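Undergrad:
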Amino acid sequence: MPVEAHWAVGKVERAHAPLRRTYDILHHEIGHNTDEETILQMAVKALNDTAGPHGIVPTLLVFGTYPRINKDSPPSPDIVRRAEAIQKAMKMLQGIRAEVEINRAINTRNGPNIQKVLSLPIQSEVLVWRENKGWTGPYEIQGIDGYTVTVKMVNGPTQFRATHVKPYFREEPSQAEVDPDVVRPTLQQQPRRRGRPKKGQRPAVRRSPRVYVVYLSQKEKDHYDLAVKLRLDNVITAPGAPYEESDGIEIDSLINQGVFIFILYEPDKHDNIRIYSTRMVREIKNMSAKPYEKSRLVIQGYGDWEKEELLTQAPTIQRMSQRLLLALGPTLVRHYGCHGEIRDITQAYTQAVDQLTRTIIARLPKELESRYPKGTLLQVIKPLYGLAESGLYWYKTYSEHHKVDLGMKESTYDPCLLYTTEGPDTFGITAMQTDDTLSFATLPFSQKEEAELTKKGLRAKPKTVLQQGQGIDFNGGRIQLYDNSITFTQKGQVKQLQLVDADAHDAQQQYVSQRARGAYLASICQPEASYDLSSAAQVKQPEAKDIEALNVRLKWQIDNPDRGLTFIPLDLSRTKMYIFTDGSFANNADLSSQLGFVIVLAEETARTTTDFEIQGNIVHWSSTKCKRVTRSVLASELYGMTTGFDSGISLSTTLNQILRTLQAPRIPVVVCSDSRSLYECLVRLGTTDEKRLMIDIMSLRESYEKKEISEVRWIDGKDNPADALTKKTPNSALQQLVTSNTLRIRVEAYVERLGEKSN
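Residues in the sequence shown are numbered consecutively from 1, following UniProt numbering.
Below you can see the structure in the form of structure tokens.
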């Protein structure tokens with residue numbers, strides 16, 4: 001039986017020294033008028049509110065936030081002295097933590113610097129470390145994948161860790177430095193590869209000092225074969241070989257825009273910087289109408305270590321913002337004379353106004369080498385496809401165009417959702433998705449947008465207007481207008497779904513890939529599938545039962561490719577935002593809780609004291625695993641309500657600003673839950689013994705008192721649509737709401753806040 005040594009320090013005892021020092025400081029400051037038990041509690045409080053050596057703050061870990069400070073009345077002098085003493089103690093604890101981190105950093109061994117190896121271009125010469133022979137070579141690099149380098153060896157491609165590879169620098173003396181009397185050593189012939197040579201194999205003749213190795217993806221191969229087939233069928237009649245004309249158009253366009261300039265190679269300037277490679281990406285566009293070939297020059301920016309120091313993430317439209325736009329679309333078309341339209345910018349990245357802040361040197365693509373002298377390089381001036389930061393440059397240009405030139409305003413939570421503020425006559429609301437925009441606008445604003453786009457000099461394709469029976473694609477979905485409603489479905493991703501073969505050797509890889517594809521479809525327009533795919537995402541080592549459960553949901557998605565959302569027109573004077581929330585306590589395999597909510601923008605078509613009926617559009621939903629510790633059913637229900645209300649209040653704030661422009665009334669927020677204990681905590685001032693829940697309850701009560709929450713209703717659990725986002729065998733409320741856009745809900749209790757009777 002192991003026995004602890006007398007000098008060992010346990011995990012709990014490690015905190016004794018900081019706690020003792022904190023206690024001594026507090027006792028010295030306020031010990032003359034405070035008892036020792038209170039001082040000890042204050043010391044523990046200071047320790048819990050300070051980050052430890054591992055960066056963890058216990059208070060934030062348990063409660064998720066710091067307690068809110070009441071500003072209604074000033075603190076007493078005694079409380080001020082206590083707060084100052086706690087601050088002194090916390091500064092001391094921060095000093096202890098800094099000392100621990102410094103000692104840890106000093107004692108940490110630094111690994112080898114492998115950035116130079118990972119940034120080497122393909123076909124660079126390197127030396128490799130062999131255990132018996134040391135550094136051998138030189139050999140050529142064939143590829144780099146993460147920290148693995150593929151090297152062309154005598155017996156074929158071999159993979160090495162980046163720590164076992166180093167660059168090889170070859171000295172090439174000039175002709176004047178070579179002594180003709182010195183006998184040059186005879187190069188030793190490399191041993192022949194093992195095995196019998198293939199039939200018809202002969203030594204390769206090097207026709208050029210540079211060898212092109214282009215790895216085409218399966219998609220590019222399919223597009224090339226399709227181009228050949230369309231040319232044989234006379235569908236594409238462009239002169240020359242496949243993609244020859246489109247390659248020339250792309251290169252000439254970039255030259256005219258000043259995206260890059262030509263420079264000559266200079267060893268003094270260019271030997272110590274990375275020279276990127278370039279390639280042409282080719283595909284067939286507009287398959288549904290008139291196909292044509294399209295080429296795009298791309299910088300091969302793999303292994304770009306400089307991007308770690310740059311801001312590279314450009315914002316894109318959020319899913320709930322896109323659905324909010326579609327939920328308002330039928331109303332804007334019917335009552336405000338708007339129409340839906342898609343705008344597609346051509347060569348978006350290259351039209352960015354700002355120039356790159358770093359120097360990018362690239363080799364010529366093979367399509368240009370014959371037109372320029374040997375040693376010509378490209379110095380990229382403006383953003384180009386393949387560079388990590390190009391998307392951000394374009395976002396800045398296009399966003400400023402909407403805000404400055406068109407006078408639009410960003411939403412409170414999504415910078416890619418913009419709307420006008422001048423009035424209903426020149427109204428427009430736009431969702432930005434990189435180079436595509438989806439807008440609902442009146443005719444005057446649409447004409448203004450066209451004029452400002454031409455004035456700014458941005459090149460774009462003609463607008464695609466949303467018309468009856470004709471679908472348009474945007475951000476992974478297909479939008480269609482039927483009568484007065486808009487349907488939103490997937491645009492073909494369901495064809496990639498396949499059932500997982502449990503007996504296959506790569507069953508786990510199939511499970512991960514098909515799970516991700518199904519979850520992508522669920523996030524677009526299939527809320528019924530969210531819970532099953534969220535549960536599947538929590539499985540790390542799938543077993544036969546897990547694969548079977550996932551296949552059931554994938555089979556449903558494959559059999560229902562047209563399953564999606566329908567958006568109907570609403571009367572904005574009667575519309576409310578309903579937030580249905582639910583939490584399932586310890587429902588997951590690891591005994592964690594599942595949280596879910598559904599946000600619906602709907603009219604209340606009928607209401608009695610026992611039930612009410614709504615008709616409207618689903619705007620947002622979520623089914624996620626709770627990351628906080630839940631010790632009761634009330635905790636899971638409360639956390640589900642807080643997550644749903646956070647999303648709902650963000651939507652309602654932006655929505656009310658849009659309605660102000662349309663001269664429509666504000667939309668009230670109604671929160672619905674099937675938990676009686678949570679309902680009583682909010683509207684009847686019920687209490688709980690769990691201190692960790694008090695902060696969230698007080699925040700919801702404050703929002704209820706400020707009328708950010710107009711009503712709180714306790715509904716029947718059998719009619720709660722959020723039930724389908726937390727349970728494997730739910731009720732049919734969500735399915736009915738998606739199918740018919742209507743739902744009748746039974747009410748257990750509610751509060752009428754405008755002087756009416758409560759039930």
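Where a beta carbon is used, it is the ideal one built from N, C-alpha and C, also for glycine.
Just so we're clear, the structure is a prediction, and the values are computed from it rather than from any experiment.
Where do the N-terminal and C-terminal ends of the beta strand (DSSP E) with cysteine 416 fall, by residue?
TA: Element bounds for cysteine 416: n/a, residue is neither H nor E.
Undergrad: Could you give the C-beta distance for leucine 417 and threonine 654, rounded to a whole number, given that I count them as a contact under 8 Å?
TA: With a Cβ gap of about 7 Å, leucine 417 and threonine 654 count as contacting.
Undergrad: Measuring CB to CB, does leucine 438 end up less than 7 Å from phenylalanine 474?
TA: Cβ atoms of leucine 438 and phenylalanine 474: closer than 7 Å.
Undergrad: Quick one: complete alpha helix (DSSP H) runs, 4+ long, within the region 348–433?
TA: The region 348–433 contains these whole alpha helix (DSSP H) runs: 366–369 and 390–400.
Undergrad: Kindly confirm or deny that the region 547–556 and the region 306–316 touch, where touching means at least three C-beta pairs closer than 8 Å.
TA: Because the criterion of three Cβ pairs below 8 Å is not met, the region 547–556 and the region 306–316 do not touch.
Undergrad: Going by DSSP, which residues form a beta bridge with phenylalanine 299?
TA: The sequence given here has isoleucine at residue 299, not phenylalanine. Its beta-bridge partners are Thr278.
Undergrad: Less than 8 Å between the CB atoms is what I'm expecting for residue 778 and alanine 602, so what's the real figure, rounded?
TA: A question about residue 778 goes unanswered here, because the residues of the chain that appear run from 1 up to 759.
Undergrad: Going by Cα to Cα distance, which pick from Ala522, Val380 and His402 is closest to glycine 258?
TA: The residue with the shortest Cα to Cα distance from glycine 258 is Val380.
Undergrad: Counting only runs of 4+ residues fully inside the region 208–268, write out the alpha helix (DSSP H) ranges in chain order.
TA: Correct list: 218–232 and 244–257.
Undergrad: Which class does histidine 16 belong to by DSSP, given the choice of helix, strand or coil?
TA: Here histidine 16 sits in helix by DSSP.
Undergrad: Spatial neighbours of valine 671 within its chain, please: C-beta separation below 6 Å, excluding the five flanking residues on both sides.
TA: If we look at valine 671 and ignore the five residues flanking it on each side, its Cβ neighbours are Ile579, Ile709 and Val712.
Undergrad: Can you tell me whether DSSP reads phenylalanine 612 as helix, strand or coil?
TA: Of the three classes helix, strand and coil, the one that applies to phenylalanine 612 here is strand, per DSSP.
Undergrad: Curious, which full-length beta strand (DSSP E) runs of at least 3 residues does the region 427–501 contain?
TA: Runs of the beta strand (DSSP E) inside the region 427–501: 428–433, 436–441, 472–474, 477–482 and 485–490.
Undergrad: On the CB-based measure, 16 or more other CB atoms within 10 Å of its CB, does proline 373 come out buried or exposed?
TA: Flag for proline 373 reads exposed.
Undergrad: Should phenylalanine 160 go down as buried or exposed, given a rule of 16 or more other Cβ atoms within 10 Å for buried?
TA: Buried is the call here.
Undergrad: Measuring only the C-alpha atoms, how far is leucine 540 from alanine 502?
TA: The question names leucine, yet the displayed sequence has lysine at residue 540. Roughly 15 Å separates the two Cα atoms.
Undergrad: Which runs of the beta strand (DSSP E) at least 3 residues long sit entirely within the region 609–687? Give them in chain order.
TA: Within the region 609–687, the complete beta strand (DSSP E) runs of at least 3 residues are 611–625 and 669–673.
Undergrad: Can you look up arginine 744 in the DSSP assignment and give me helix, strand or coil?
TA: Three-state DSSP puts arginine 744 in a strand.
Undergrad: Run through DSSP, which three-state label would glycine 717 get?
TA: Helix at glycine 717.
Undergrad: At the level of alpha carbons, what is the spacing between alanine 327 and glutamate 449?
TA: Rounded to whole angstroms, alanine 327 to glutamate 449 spans 23 Å at the Cα level.
Undergrad: Taking the straight line between their C-alpha atoms, what separation do you get for arginine 517 and glutamine 496?
TA: C-alpha separation (whole angstroms): 8 Å.
Undergrad: Just to confirm before moving on: does the CB-CB distance between serine 623 and leucine 725 stay below 7 Å?
TA: Yes; because the gap between Cβ atoms is below 7 Å, this pair is in contact.
Undergrad: Under 7 Å Cβ to Cβ from alanine 176, same chain only, skipping five residues before and after it: list those, please.
TA: Bear in mind that the predicted position of alanine 176 carries a pLDDT of just 45, short of 50, making it unreliable; the figure below should be weighed with that in mind. Cβ neighbours of alanine 176 beyond the five flanking positions: none.
Undergrad: Considering Cα atoms alone, identify which of Gly301, Met42, Gly616 and Ala17 is closest to valine 738.
TA: Nearest C-alpha to valine 738: Gly616.
Undergrad: Within its chain, find whatever has a CB closer than 7 Å to the CB of leucine 254; leave out the 5 residues flanking it on each side and keep chain order.
TA: Closer than 7 Å at the Cβ level, and outside the excluded window around leucine 254, lie Phe260, Leu297 and Thr350.
Undergrad: Count Cβ pairs between the region 519–533 and the region 558–576 that sit closer than 8 Å; are there 3 or more?
TA: Yes, the region 519–533 is in contact with the region 558–576.
Undergrad: Exposed or buried, which one is arginine 46 when buried takes at least 16 other CB atoms within 10 Å?
TA: Note on identity: in this sequence residue 46 is alanine, with arginine being the wrong assignment. Its Cβ being crowded by 16 or more others within 10 Å, alanine 46 is buried.
Undergrad: Taking DSSP as the reference, what is the three-state secondary structure of glutamine 159?
TA: Residue state, collapsed to three classes: strand.
Undergrad: Only counting the same chain, and skipping five residues up and downstream in sequence, which positions put a Cβ closer than 6 Å to that of proline 668?
TA: Taken in chain order, the residues that qualify are Lys576 and Ser710.
Undergrad: Assuming histidine 339 is part of the beta strand (DSSP E), what are its boundary residues?
TA: Start and end: 339–344.
Undergrad: Determine the contact status of aspartate 716 and arginine 684, defining contact as a CB-CB distance below 7 Å.
TA: For aspartate 716 and arginine 684, no; Cβs fall outside 7 Å.
Undergrad: Please go through the same chain and pick out, in chain order, the residues whose beta-carbon is closer than 7 Å to the beta-carbon of alanine 635, but skip the five residues on each side of it.
TA: Cβ within range, chain order: Glu690 and Leu693.
Undergrad: How big is the Cα-Cα spacing for isoleucine 284 and valine 235?
TA: Taking the straight line joining both Cα atoms gives about 12 Å.
Undergrad: The ligand ATP heavy atoms versus the CB of serine 732: any closer than 6 Å?
TA: This structure lacks the ligand ATP, and indeed carries no ligand of any kind.
Undergrad: Does the beta-carbon of valine 500 have 16 or more other beta-carbons within 10 angstroms, so that it is buried, or is it exposed?
TA: Buried, because 16 or more other Cβ atoms sit within 10 Å of the Cβ of valine 500.
Undergrad: My understanding is that lysine 625 touches glutamine 538, with C-beta atoms under 8 Å, so please give their C-beta distance in whole angstroms.
TA: The pair is a contact, with the Cβ atoms about 6 Å apart (cut-off 8 Å).
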